[in-house]
Amino acid sequence: MKISELSKRSGVTTASIKYYLREGLLFGGAAVSATQTEYDETHAARLRLIRALIDVGGLSVSAARSVLAAIDDESMPIVYAFGIAQHAVTSSLASSTEPSATSLARVAELKAERGWQTHDQNPGEAIVARVIDAYETIGRPDLSTMVSAYADAADAAATADLAAVMAAGPGNRTRMVETVIVGTALGDTLFAGLRRIAQEHRSRQLGLPGSSVHHNPTNTGSERSEGLDK
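Numbering that gives the first Met the number 0 numbers the first residue of the sequence shown as 0 and each following residue consecutively.
This is the structure in structure tokens:
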């Protein structure tokens with residue numbers, strides 16, 4: 000198919016397709032003449048994957064490039080692909096502020112209590128430690144008690160992640176790595192959405208003020224008062 004047809008099939012504009020080609024996210028088509036290139040369904044599938052990573056997963060173009068390279072590298076072990084996906088997804092959470100030794104020690108204790116084994120460069124450790132530091136900074140160290148409950152949820156999510164990876168195989172390395180990449184990138188977004196749904200559900204169960212009325216930033220004061228009275 001020509002690039003115009005590829006655009007229709009994938010839902011990606013021609014300009015974006017050309018951009019992804021230049022940036023190395025999309026592999027080139029087959030040149031049939033000096034001025035014409037043919038594409039096929041593999042290009043359309045790749046474009047849909049690119050848009051999912053960027054639009055839904057929130058990855059930057061450079062981060063998407065790195066995880067797509069992991070999919071394409073047949074020699075890369077799956078566990079390495081996990082590391083690349085984790086670093087790519089957490090790049091937006093990068094901070095110049097180093098976590099305190101105290102908070103890092105608390106993360107180490109959490110890992111030891113649960114028998115979690117990770118390498119020293121796992122990006123999650125610094126992220127968790129910085130959140131604990133932030134709780135201390137705002138004078139709410141009590142919020143750190145939630146970490147254990149969050150760890151329970153994270154363990155359940157990770158178990159589901161690995162089950163999906165194993166179900167994608169065996170013997171299909173590309174599909175397994177794609178599951179790792181997509182599961183990590185889109186999984187964070189999925190978990191955030193589910194958490195917000197669950198928060199509203201639990202607030203209604205507890206009967207928190209205002210939980211009986213749909214919250215909208217444009218609600219008038221009378222609407223909010225009505226919710227409080229119910």
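By construction, the Cβ of each residue, glycine as well, lies at the ideal position given by its N, Cα and C atoms.
{"Query": "Chain-order list of residues whose beta-carbon lies under 6 Å from that of Glu225 (same chain, five-residue window excluded)", "Result": "In this prediction, Glu225 has a pLDDT of 45, which is less than 50 and means its spatial position is unreliable; nothing more can be read from the coordinates."}
{"Query": "Under the three-state DSSP convention, the category Glu37 falls into", "Result": "strand"}
{"Query": "Burial state of Ala232, where buried means 16 or more other Cβ atoms lie within 10 Å", "Result": "Given a span of 0 to 229 for the chain in the structure shown, any question on residue 232 remains unanswerable."}
{"Query": "Spatial neighbours of Asp228 in its chain, beta-carbon cut-off 8 Å, leaving aside the 5 residues before and after", "Result": "Confidence in Asp228 is poor, its pLDDT being 43 and thus under 50, which makes the residue's placement too unreliable to answer from."}
{"Query": "Secondary structure, alpha helix (DSSP H): runs of 4+ residues fully inside the stretch 139-217", "Result": "146-167 and 172-205"}
{"Query": "C-beta atoms of Arg195 and Ala150 nearer than 8 Å", "Result": "no"}
{"Query": "Continuous alpha helix (DSSP H) assignments of at least 4 residues falling wholly in the stretch 42-75", "Result": "60-71"}
{"Query": "The stretch 81-91 contacting the stretch 62-73, beta-carbon criterion three pairs below 8 Å", "Result": "yes"}
{"Query": "Straight-line gap, Ala80 to Gly186 (C-alpha atoms, nearest Å)", "Result": "15 Å"}
{"Query": "Identity of the residue in Pro98, Leu142, Phe190 and Thr34 nearest Ala155 by Cα", "Result": "Phe190"}
{"Query": "Contacts around Ser221, its chain only, beta-carbon distance under 8 Å, and the 5 residues preceding and following it disregarded", "Result": "Residue confidence for Ser221 is low, a pLDDT of 47 falling below 50, so the modelled location carries little weight; the figure read from the coordinates is stated next. Counting only Cβ-Cβ distances below 8 Å, and skipping sequence neighbours, we find nothing."}
{"Query": "CA-to-CA distance, Val179 to Ser3, given in whole angstroms", "Result": "31 Å"}
{"Query": "C-beta contact flag for Arg172 and Glu73 at 8 Å", "Result": "yes"}
{"Query": "Arg45 beta carbon less than 8 Å from that of Leu25", "Result": "yes"}
{"Query": "Glu177 classed as buried or exposed, judged by whether at least 16 other C-beta atoms fall within 10 angstroms", "Result": "buried"}
{"Query": "Within 8 Å, strictly: CB atoms of Ala184 and Leu52", "Result": "yes"}
{"Query": "Which residues DSSP lists as bridging Ala30, in chain order", "Result": "Thr36"}
{"Query": "Run of the alpha helix (DSSP H) containing Ile137, from where it starts to where it stops", "Result": "Careful: Ile137 lies outside any alpha helix (DSSP H) and carries neither H nor E."}
{"Query": "As assigned by DSSP and simplified to three states, the class of Gln85", "Result": "helix"}
{"Query": "Span separating the alpha-carbon of Ile137 from that of Pro76", "Result": "42 Å"}
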